[in-house]
Amino acid sequence: RKRHRLLVIESRCTGNGDCVKECPMQILSINLKTNKVQIDQPDLCIGCYTCVKVCKTDATCLKDAYTISIK
4 RKRHRLLVIE SRCTGNGDCV KECPMQILSI NLKTNKVQID QPDLCIGCYT CVKVCKTDAT
64 CLKDAYTISI K
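Note that the numbering used here has the sequence shown beginning at 4, numbered continuously upward.
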């Protein structure tokens, strides 16, 4: 089963919250201590790329990850 792994590049994140507002799965939030985006529920990411598209600083990216079933 193909899965997606969402990554946040903290050095690029300005914490403006665009990705948090636009994520259809609501899996992102702003960490109040760092003022950076954090991924609260990575397993719920559907790989829609919305966060990547709205981020003006290219702080979010999606990588393909695979889950292998062993029978």
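Glycine residues also receive a C-beta, built at the ideal position from the N, C-alpha and C atoms.
Which of helix, strand or coil DSSP assigns to residue i
i: THR63; result: strand
i: LEU10; result: strand
i: LEU35; result: coil
Beta-carbon proximity list for residue i, same chain, < 6 Å, skipping 5 on both sides
i: ASN34; result: GLN41
i: ASP2; result: The structure shown does not extend to residue 2, since the chain is modelled only from 4 through 74, so no value can be given for it.
Residues of its chain near residue i, where Cβ-Cβ distance is below 8 Å and the 5 sequence neighbours each way are ignored
i: ASN19; result: LYS59
Residue range of the unbroken alpha helix (DSSP H) whose run includes residue i
i: LYS56; result: 53 to 57
i: LYS24; result: 21 to 25
Residues near residue i in its chain [Cβ-Cβ closer than 7 Å; skip 5 each side]
i: ASP46; result: none
i: VAL55; result: THR63, CYS64, LEU65
i: GLN44; result: ILE30
i: CYS26; result: THR53, CYS54
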